[in-house]
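Please read the structure below before turning to the comments.
Numbering (full-length UniProt numbering), first residue to last: 1 to 322.
Dropping the structure here:
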């Protein structure tokens, strides 16, 4: 019988953070989310509730599912991702995931029989937890956004729910201890942070219409290149420490400004890690970003900056009861 256990004490949250610090890069965005709690006004501390399907999740060989419910969205993590993300997968797995279309009977996702068995076991656990949680949480047809969910579990969402949005993305990561290139700016260019007065520009130019309050929260770690004082290129940091909203105005492109922004943001993330996790070596921590599977230009940019992908990737799924 499925049961969920709430993790709410400071000791439990610290345990969870310590677990995540040692399980990167798969856990990088989830760790970033927890480390940023209390910094973002748009997602106030105490608002999120954390649940696990196991009473002793760090001392079990069973598949463990974690849910972080922030009311307006849910984060979802399954312990077997730590292993499966680095196993050899079949071509069918990527084809289905990136097309966001799944048959009733899934083909094999993994080349190795033991890996496939773990995946099937995990799918069953995920289905049981999702069914139980959605029944408990809603009992009706209200929709919810599952944020940054590993693409391994997308077939279960499609099986159980009506899907309104499914946005497959590659996940890019880079070890935080990797050396960063020095920054050299062209003449009349300066680099600093985004300012409250830049919110309207960032919101207007971004392809996703984020709420202005959320965007200003994302300026907490940001990079802005200005030419003669005017904003020319920028990047910010999402709630989960993913690099976000990278943009270079057309007249300033092909000057390497996007690479400079990434370098500057990574420098700031390293300092953030040192302040939040002073006893954790940087070689255990990771910078992260996600890119839509169709966005070849952004994928090339992050690869050029030394980022690598792992696993199928992630997705943002908005779903409701059928």
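Built from N, CA and C at the ideal position, the CB exists for glycine as well.
- For the 8 Å CB-CB criterion, residue 285 and residue 21 form a contact.
- Around the beta carbon of residue 81, 16 or more other beta carbons lie within 10 angstroms, which makes this residue buried.
- In this structure, DSSP gives residue 122 a helical state, which the three-state scheme calls helix.
- CA-CA distance, residue 280 to residue 34, rounds to 15 Å.
- Around the CB of residue 195, fewer than 16 other CB atoms lie within 10 Å, so the residue is classed as exposed.
- Counting only the Cα atoms, residue 221 lies some 15 Å from residue 29.
- In the three-state reduction of the DSSP assignment, residue 271 falls in the helix class.
- Residue 303: member of the alpha helix (DSSP H) spanning 296-304, first to last residue.
- Here residue 25 is buried: its Cβ has 16 or more other Cβ atoms, across all protein chains shown, within 10 Å.
- When the Cα atoms are used, residue 300 and residue 9 turn out to be separated by approximately 42 Å.
- Spanning the alpha carbons of residue 132 and residue 2 requires a straight line of approximately 7 Å.
- In the DSSP assignment, residue 321 forms a beta bridge with 161.
- Ranking 170, 322, 239, 207 by CA distance to the CA of residue 246 puts 207 first.
- Residue pairing by DSSP places residue 231 opposite 226 in a beta bridge.
- A check of alpha carbon separations from residue 199 across 59, 91, 253, 210 identifies 210 as the nearest.
- Apart from sequence neighbours up to five positions away, the residues of its chain that approach residue 269 with a beta-carbon distance below 6 Å are 287, ordered along the chain.
- Residue 122 counts as buried, since no fewer than 16 other beta carbons sit within 10 angstroms of its beta carbon.
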